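**Q** Each step along the sequence shown adds one to the number in the numbering used here, with nothing skipped, and position 248 is 244. For each residue, glycine too, the CB sits at the ideal point set by N, CA and C. Computed from a predicted structure; not experimentally measured.
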Amino acid sequence: MRSIRFTRTAATTAAVASLLLGTALSGSAATLPAVSTGDGSAAVITANPYERGPAPSRASIEAPRGSFATATTTVSRFAAGSFGGGTIYYPTSTTSGTFGAVAISPGYTAAQSSISWLGPRLASQGFVVITIDTLSRYDQPAERGDQLNAALTYLTRSSAVRDRIDPSRLAVMGHSMGGGGTLEAAKDNPALRATIGMTPYNLDKSWPEITTPSLIIGAQNDDVAPVSRHSIPFYNGLTSLPQKAYLELRGASHYAPNTSNTTIASSSIPWLKRFVDDDLRYSQFLCPAPTVSTAISDYRTDCGY
């Protein structure tokens, strides 16, 4: 019973801290006044220094744009070197501290334009985002995984916005073979904070090496990478981590991630916020698990995060 009371107290304290802070914190930890612990001692609440933006709501994670104004800059193939170039989307704020970063790969034969809608949508929520072209449109998942990691290295070491990025808070996303590439990237780079594979494709179905929190988004009517042969086996094959989830888009095809999609966005934003920014304000959208609905035909997770 003692541990249960402590957990509830901790949750209440976190909620109070979030309400008192209200808006985004800067890059350094903030503290609030000491509060009574009930045993005569006092504790100081330390706020999460990575919270960015106002307290979230269902409306805010479904909105086409978040609270941050954004800008873009392009990366040439020559400058990129180890990937095919891309576009960087970033918050223009210089008073909100550093941001986590996300690299996104398109699918087989596709260009970055096929997933470009995610750039401003995620950047306006408080992330630096790079959508990439691959060295060859025929690159396989392993090659796309290498290029996702290379894009993150470029972002944090060479890009014009590197000073805006916290190099310890990085994630990858991808569509189709790019989605399969996110698993390859996480296998090779366990320092990643999150992966999101959208209608992913990969011939490897077993991923015991991965310890990065991973969201798999499948499509119910996918006839290119059917969920029974790809997305669901990927989810089941992530045997070394409890922080995983499988979402299935009702009635959707393999190409659902190629156009603006509220369900993809409203599931990806909390996943990135929770695991890249360690922002517990977004846990409410992940656990309890979303229910089957007109937009979601299946959702699986063990929660506990």
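1) Provide the residue span of the beta strand (DSSP E) that contains tyrosine 312, from first to last.
2) With DSSP collapsed to three states, give me the class of phenylalanine 79.
3) Write down the C-beta distance between threonine 105 and threonine 88 rounded to the nearest angstrom, noting that I regard them as a contact closer than 8 Å.
4) Does the stretch 267 to 274 come close enough to the stretch 158 to 171 that 3 or more CB-CB pairs lie under 8 Å?
5) In the DSSP assignment, what residue or residues form a beta bridge with glutamate 58?
6) Closest to threonine 287 by C-alpha separation, out of Ala241, His250, Tyr251, would be which residue?
7) Here's a check: name, in chain order, each residue in its chain whose Cβ is nearer than 6 Å to the Cβ of leucine 148, leaving out the five neighbours to either side.
8) With 16 as the cutoff for other CB atoms within 10 Å, does phenylalanine 74 come out buried or exposed?
9) Is the separation between the beta-carbon of isoleucine 206 and that of methionine 194 shorter than 8 Å?
10) Which residues in the same chain as tyrosine 86 place their Cβ atom closer than 7 Å to its Cβ, once the five residues preceding and following it in sequence are excluded?
11) Quick one: Cα of threonine 83 to Cα of threonine 152, how far?
12) Do you know offhand how far threonine 69's Cα is from phenylalanine 95's?
13) Please classify serine 289: is it buried, with 16 or more other beta-carbons within 10 angstroms of its beta-carbon, or exposed?
14) Looking at glycine 247 and glycine 174, is the spacing between their C-beta atoms short of 8 Å?
15) Do isoleucine 128 and glycine 77 have their C-beta atoms within less than 8 Å of each other?
16) Where does valine 71 sit, in a helix, a strand or coil, going by DSSP?
17) Excluding five sequence neighbours on each side, which residues of the same chain lie with their C-beta closer than 8 Å to the C-beta of arginine 277?
18) Our contact map puts alanine 215 next to serine 249 with C-beta atoms below 8 Å; I'd like the distance itself, whole angstroms only.
19) Which value, in whole angstroms, describes the spacing of the CA atoms of aspartate 35 and lysine 201?
20) Can you tell me which residues form a DSSP beta bridge with tyrosine 295?
21) Residues in its own chain within less than 6 Å of alanine 138 by CB, not counting five upstream and five downstream?
22) Output the distance between the C-alpha atoms of tryptophan 113 and isoleucine 228, rounded to the nearest integer angstrom.
23) Report yes if the CB atom of serine 263 is closer than 8 Å to the CB atom of leucine 211, and no otherwise.
**A** In brief:
1) Because the chain is modelled from -3 through 301, residue 312 falls outside the range shown and cannot be assessed.
2) In this structure, phenylalanine 79 counts as coil in the three-state DSSP scheme.
3) Their Cβ separation, rounded to whole angstroms, is 34 Å, which puts threonine 105 and threonine 88 out of contact at 8 Å.
4) Yes: at least three Cβ pairs fall under 8 Å.
5) DSSP output for glutamate 58 lists no bridge partner at all.
6) Threonine 287 has its Cα closest to that of Ala241, out of Ala241, His250, Tyr251.
7) Listed in chain order, the non-local C-beta contacts of leucine 148 below 6 Å within the same chain comprise Ala99, Leu166, local neighbours out to five positions each way being set aside.
8) By the 10 Å Cβ count, phenylalanine 74 comes out exposed.
9) Contact flag unset, no.
10) By the criterion of a C-beta distance shorter than 7 Å, tyrosine 86 is surrounded in its chain by Thr66, Ala67, Ala119, Val124, Val157, Arg160, once the five residues flanking it on both sides are discounted.
11) Distance between the alpha carbons of threonine 83 and threonine 152 is about 14 Å.
12) Roughly 16 Å between the two C-alpha positions.
13) With fewer than 16 Cβ atoms within 10 Å of its Cβ, serine 289 is classed as exposed.
14) Contact flag unset, no.
15) Pairing isoleucine 128 with glycine 77 gives a Cβ-Cβ distance that is not under 8 Å.
16) In the three-state reduction of the DSSP assignment, valine 71 falls in the strand class.
17) Its chain contains Ser14, Glu47, Ala51, Pro52, Lys269 as the residues whose beta carbon lies nearer than 8 Å to that of arginine 277, once the 5 sequence neighbours on both sides are disregarded; these appear in chain order.
18) Going by Cβ atoms, the distance from alanine 215 to serine 249 rounds to 6 Å, so yes, they are a contact pair.
19) For aspartate 35, the predicted model reports a pLDDT of 49, less than 50, meaning its position is unreliable; a value from the coordinates is still stated below. Rounded to the nearest whole angstrom, the C-alpha separation of aspartate 35 and lysine 201 is 52 Å.
20) Under the DSSP definition of a beta bridge, tyrosine 295 partners with Leu243.
21) Excluding residues within five positions, the ones whose Cβ falls inside 6 Å are Glu180.
22) The alpha-carbon atoms of tryptophan 113 and isoleucine 228 are separated by roughly 26 Å.
23) At a Cβ-Cβ threshold of 8 Å, serine 263 and leucine 211 count as neighbours.
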